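Written out below as structure tokens is the structure these notes cover.
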Amino acid sequence: MTQAKVTEDFLERLFDELFPICRSIAGEGFRRSLAIFQRNMPLELETVPTGTTVYDWRVPPEWNIRSAKLTGPDGRVITNFESSTLAVVSYSEPVDRRISLAELKPHLHSLPAHPEAIPYVTSYYQRTWGFCLPDRELRALKEGEYHAYIDSTFSEDGGVQFGQCVLTGESSNEILLTSYLCHPSLANNELSGPLVLLGLFDRVSRWPRRRFTYRFLLNPETIGALCYLHCYADHLREKLVSGIVLTCVGGPSEKLSYKMSRRGDSLVDRTVQYLRANEGSPIEIRPFDPRGGSDERQYCSPGFNLPVGQLARTVYGQYAAYHNSMDTKEFMGIGRLVRSIDEIEQILRAMEAGSHYINLKPYGEPQLGPRGLYPNVNSAATWTKSNDALIDAREFLNRLLMVLSYSDGEHDMMDIAKRCGCKLNGLSGVVKQLESAGLLAHKGF
Amino acid sequence: MTQAKVTEDFLERLFDELFPICRSIAGEGFRRSLAIFQRNMPLELETVPTGTTVYDWRVPPEWNIRSAKLTGPDGRVITNFESSTLAVVSYSEPVDRRISLAELKPHLHSLPAHPEAIPYVTSYYQRTWGFCLPDRELRALKEGEYHAYIDSTFSEDGGVQFGQCVLTGESSNEILLTSYLCHPSLANNELSGPLVLLGLFDRVSRWPRRRFTYRFLLNPETIGALCYLHCYADHLREKLVSGIVLTCVGGPSEKLSYKMSRRGDSLVDRTVQYLRANEGSPIEIRPFDPRGGSDERQYCSPGFNLPVGQLARTVYGQYAAYHNSMDTKEFMGIGRLVRSIDEIEQILRAMEAGSHYINLKPYGEPQLGPRGLYPNVNSAATWTKSNDALIDAREFLNRLLMVLSYSDGEHDMMDIAKRCGCKLNGLSGVVKQLESAGLLAHKGF
Amino acid sequence: MTQAKVTEDFLERLFDELFPICRSIAGEGFRRSLAIFQRNMPLELETVPTGTTVYDWRVPPEWNIRSAKLTGPDGRVITNFESSTLAVVSYSEPVDRRISLAELKPHLHSLPAHPEAIPYVTSYYQRTWGFCLPDRELRALKEGEYHAYIDSTFSEDGGVQFGQCVLTGESSNEILLTSYLCHPSLANNELSGPLVLLGLFDRVSRWPRRRFTYRFLLNPETIGALCYLHCYADHLREKLVSGIVLTCVGGPSEKLSYKMSRRGDSLVDRTVQYLRANEGSPIEIRPFDPRGGSDERQYCSPGFNLPVGQLARTVYGQYAAYHNSMDTKEFMGIGRLVRSIDEIEQILRAMEAGSHYINLKPYGEPQLGPRGLYPNVNSAATWTKSNDALIDAREFLNRLLMVLSYSDGEHDMMDIAKRCGCKLNGLSGVVKQLESAGLLAHKGF
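Chains as they are written, first to last, in our numbering: chain A, 11 to 455; chain B, 11 to 455; chain C, 11 to 455.
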């Protein structure tokens, strides 16, 4: 096995390459961004064509922009696309008009609460155009004739794209890891998710064994998840054990924050709750809430109700830089991404170790002596040598008996660890020996 | 829509007409009383003939009484039927005997604890005769020959009757409202129930829409409910969402008192619990108890176990006037009946609003923008205008998303109101708009 | 019915006859012991032949021992089989060797913590030999040549035996009572269980009626239970309502101690919990735990998961005399066995009285008046005479109505007693009258 390639330096180079691109939900920006990820993970791309009916939605045309400029009465350029991808409302229709300040004003967007920041504004499903600029600049605009110029195009020939790849495991049942790739130059609420996804792909690909199959998915938010469900809902219904949407996984917050799936009983829900309550893992837990969030809103809509939660660090809507030009690399922090990769990998490992295993000899207790799991001479004095480096022989046997008794398909290893009063890794030696002895197998779901 | 006709004056005129009638479980008194209600609601009558086997019971003969008199040794009339319908044990057999005080005593009933009151006594299923009188009078009786005279008849040609009518709603699933009409001149424990039932018929008939179908039923207590089940148990099993037995809904108590159904999970059970816990409604709740009560004992017997609770105000057995001549119009209070009608109508409205609705586009979130339910331009500044007079735009959208997410057939609107932190009427605007947009429908059960 | 024959004297004579026998899991000692019990209860014997595969196990050969002796360098007999059946490791292979102290030591077993006690040691499934002796004697052994002599034989022609008998009841569904008979001269952790089992057989055989069928089983521990399951698992799956393993039911502890079944919801589980919580019965409750115990480990293994708990008094592993020569008749106490018989009989009676009964007239309330269960004249004054010696008429009727309402197959009599606020025997009069009236029947499971 080679050294992990997704280092902090590697992530920073990728970030710097991705940040300037003007992404949107469909068009060149998304395609170029996905291609950069494709260099590092074997994403296969699929397109749902513009005009396709996807549940209650219609797949929109692609949008591309070449340039844009707002010029003042004095000929001064007030803002332009070259200075910031945020300067133009996403999905702005083309315009080349000379208009008064009064006519212009409804097309200008700013953030009075943060007068230096450029807000991020979209209008995907109703044709309009607009510019975004700092509130301080907007307030300084004088009466006169302005020139609004946006050179954008819509194409009905493209579609919404997504890219996915799979790391197969012992079970064909799947863990889905997904993030979105459709915001322009934003850091925590855009690039943090895909970069951490790439880091997790790198980590999981190096594991010596995988109990589950892992699926990695990048798509534009909302419409992309709907297009993905349009193509893969039946597959997910059959195979999905748990999914995690990654969003805003950088930023200053100390702890990861997990948002429960709507079902609240999936493996990832139980694992995060278990780690927090029983192993002291520093994770905040948010209840499921349909009123905000990312693509878990689609996966958890009542018709699907899939076991998908969401992980964030500095949560959307809870920080001033959310959806504006203050959401920079410095705010996000590349080091924070590595920390998120480390912590989420631990959650995935706990899901592997903490899921259901099955006692293969469930009728009566299996005979442990001939398998070297029980002292052949049963006397008070024989309980001295251990089969495990960490615990004494009696404790090893106790945990082994508990694992055999409760590996019935109803209780998972987290239940059993709680009954044993130990952590998950306090069962790993027992599980290993029982698997070697042919007495235990991972259930795979 | 015309003005409600069931006013306090109207109820008092009806009360005064009904009170003197000597009702029993079968006979002229019941028939005449039902005819008075039939003038004001389209009750259809059915009869289960005398002698019919109804579950473990046999329908008794009709009983009619023309006159009765108990005369003392000195020729003085001690009591007679003309002075009070309570003076004769209900279902007394005819008698015309001169007997000693010792022989007479087992046929006399009084209430030592309330020496001025005449008790209400019945003997439906075993032939006997008797007189009821104030204990003060009974104690003053002297030795000598008495003349007991009761001119009553039994008829095997009649039967037990009930009357019902239906107000159809959008769903064929039903709410049953029922009371009994078989006690003679008693107010709270007799006429309060049928009069409030009539008031509720009047109210519900004027609603602009009814989610459920409403069934109104009057019958003699116990044997009448059994006869009704004999005819309609299959219908109720198929259609009944919830039922409420009305009994003792007048009197001095400040609060309505709801007795849970045996199942404890019906719509009316949940609604009353919800209103009390979440909307501050002044309702007492009693657990289900088979040891006492009214016709819910039959509906909730283990073979049926129907979702029927009971509403009272001044509860049977908990007041001194229960089952005796102190239970008068003054004790009951006509104004109390109007108040009960008002409060029970609110419960019925909450059942309509709080029951299950279904998201008709449950696969992914529906597209709200084109339906005017979401701002087309998504920026921090667009959340200002509201689609609802009471709440701001963001709160309206939040409740709408909550309603869509949880209208899955498992959660009802009471669950959703709790999740939203609002009252049921805080969801009415959202529900109305979602129904108009074709995104939501009442589930009907 | 004759007087109970299992008196304290009777038990002591039996104990004295059984104690000296060298029992093991298969062989003459077991057979002779079982024959002694067979004199007093009609046990039918079955044998699973040596070599049979029983789940994960192979039935071992029979082991018999004629004599054994360990002689020191000076010719002194250090220990021999005649002095104690514990002196030889159970299932020791034959040996006749002169060896040094160093070679001998791995074959010697003692208890350093209790230097005067001889430990009880077994090696059923791996061939070896050994002697057990007080640690004080072991430490005093001097260098020199020792003579180890064990005259034992293994036979492949026998097998593992068990003996069972049945007391049929009204229902063919069964309560299993079982104990083990495979330890040599130990009292609390051996003979207490079979002797109490015999006492319970005697008691239950004298009951005027049995709601359930009772099965009594004696077998060698672990392998015997596995052999029994090998033959009867399907029968138990179909018929077993509850089982109780009896172990260590003597000794100084004041209270019986019940170990829950793995399911935790069986009739015996619920009864013991009910008696403790609601009737003040002095019983300790232990949770199910697969890490130790007796044959409930086999019955409750996840593939079977049968409703079998375990009763003990002075619990294995919690007293110094456990598995060594201090576990004597004096430690156990014959009087304690009688007390255990008394207390366990009370639990069995509570299981009969507290299980499920069925209302045979569940549609509406049955008519109670003609059956003498309700006063025919309904007035406040008629509630004076009672149908039960212990409670007044109204309370009797109240309990009767509660029993009728909740005898629906879902609630058992313990639930109903709690709802009535009385003990189980406070319902016995009601149950008796309802059964006589044809309104109630025991459900049988």
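Cβ atoms here follow ideal geometry from the backbone N, Cα and C, with glycine treated the same way. These numbers come from a predicted model, not from an experiment.
Annotated as distal: Gly-364 (chain B) and Met-412 (chain B), with beta-carbon spacing of 8 Å or more. Per the DSSP secondary-structure output, Pro-312 (chain B) pairs with nothing in a beta bridge. Contact annotation: in the stretch 272 to 304 of chain A, residues whose CB is within less than 9 Å of a CB in chain B are Arg-272, Phe-298, Asp-299, Pro-300, Arg-301 and Gly-302.
DSSP places Gln-356 (chain A) inside the alpha helix (DSSP H), whose first and last residues are 344 to 364. Under the Cβ criterion of 8 Å, Pro-104 (chain C) is not counted among the residues facing chain A.
Shortest Cα-Cα distance from Pro-385 (chain B) to any of B:Ala-403, B:Asp-161 and B:Gly-319 involves B:Ala-403. Counting C-beta atoms within 10 angstroms of its own C-beta, Cys-241 (chain C) has fewer than 16 neighbours from the protein chains shown and is therefore classed as exposed. For a cut-off of 8 Å, the C-beta gap from Val-176 (chain B) to Arg-225 (chain B) is around 5 Å, short enough to register as a contact. Annotation: the continuous beta strand (DSSP E) that includes Ala-78 (chain C) extends over 72 to 81. If you draw a 10 Å sphere on the C-beta of His-245 (chain A), you find fewer than 16 other C-beta atoms in it, and that means exposed. In terms of beta-carbon proximity, Gly-313 (chain B) lines the interface with chain C, with at least one pair separated by less than 8 Å.
In the structure shown, Phe-222 (chain C) falls within a coil segment according to DSSP collapsed to helix, strand and coil. Apart from the 5 residues on each side of it in sequence, Pro-83 (chain B) sits with its Cβ closer than 7 Å to the Cβ of Lys-152, Gly-154, Glu-155 and Tyr-156 in its chain, given in chain order. Proximity of chain C to Pro-376 (chain A) at the Cβ level (cut-off 7 Å) is accounted for by Asp-66, in chain order. With contacts defined as CB atoms closer than 8 Å, Leu-266 (chain A) and Ser-350 (chain A) qualify as a contacting pair.
When rounded, the separation of the alpha-carbon atoms in Leu-449 (chain C) and Asn-369 (chain C) is 6 Å.
Contact check for Asn-334 (chain B) against Pro-129 (chain B) passes: the beta carbons are separated by less than 8 Å. Annotation: Cβ neighbours of Tyr-373 (chain B) in chain A (cutoff 7 Å, chain order): Tyr-65, Ser-311, Gly-313 and Phe-314.
For chain A, the residues of the stretch 123 to 155 of chain C that bring a beta carbon within less than 7 Å of one of its beta carbons are Pro-129, Val-131, Thr-132, Ser-133, Tyr-135, Gln-136 and Thr-138, in chain order. For Pro-129 (chain B), the beta-bridge partners assigned by DSSP are B:Asn-334.
Out of A:Gln-443, A:Gln-328, A:Leu-250 and A:Leu-210, the CA that lies nearest to the CA of Thr-17 (chain A) is found in A:Leu-210. One alpha carbon belongs to Asp-19 (chain B), the other to Ser-446 (chain C), and they sit about 55 Å apart. Contact check between the stretch 160 to 171 of chain C and the stretch 292 to 305 of chain C: fewer than three CB pairs, one atom from each, fall below 8 Å, which does not count as touching. Taking every protein chain shown into account, the CB of Ser-77 (chain A) has fewer than 16 other CB atoms within 10 angstroms, so this residue is exposed.
Note: Gln-174 (chain C) is bridge-paired with C:Glu-54 and C:Leu-227 in the DSSP secondary-structure output. Under the DSSP assignment, Thr-281 (chain A) falls outside any beta strand (DSSP E), being part of the alpha helix (DSSP H) whose first and last residues are 277 to 288. Using a Cβ-Cβ cut-off of 7 Å, Leu-205 (chain C) is close to nothing in chain B; its nearest Cβ partner there is about 44 Å away. Your pair Ile-75 (chain C) and Val-98 (chain C) checks out as a contact, with CB atoms roughly 6 Å apart and the cut at 8 Å. Taking 8 Å as the threshold, the shortest C-beta distance from Gln-308 (chain C) to chain A falls below it. Collapsing the DSSP output to three states places Lys-269 (chain B) in a strand.
Assignment of Gly-454 (chain C) by DSSP, reduced to helix, strand and coil, places it in the coil class.
Contact residues of the stretch 224 to 257 of chain B toward chain C are Leu-236 and Leu-239 (C-beta to C-beta distance below 7 Å). Proximity of Met-424 (chain A) to chain C, defined by a Cβ-Cβ separation below 8 Å, is not satisfied.
The closest CA to that of Pro-116 (chain A), considering only A:Tyr-134, A:Leu-143 and A:Phe-91, is found on A:Leu-143. With a 10 Å radius around the Cβ and a threshold of 16 neighbouring Cβ atoms, Ser-120 (chain C) comes out buried. Look at the stretch 90 to 162 of chain A and you find these whole runs of beta strand (DSSP E), each 3 residues long or longer: 105 to 110.
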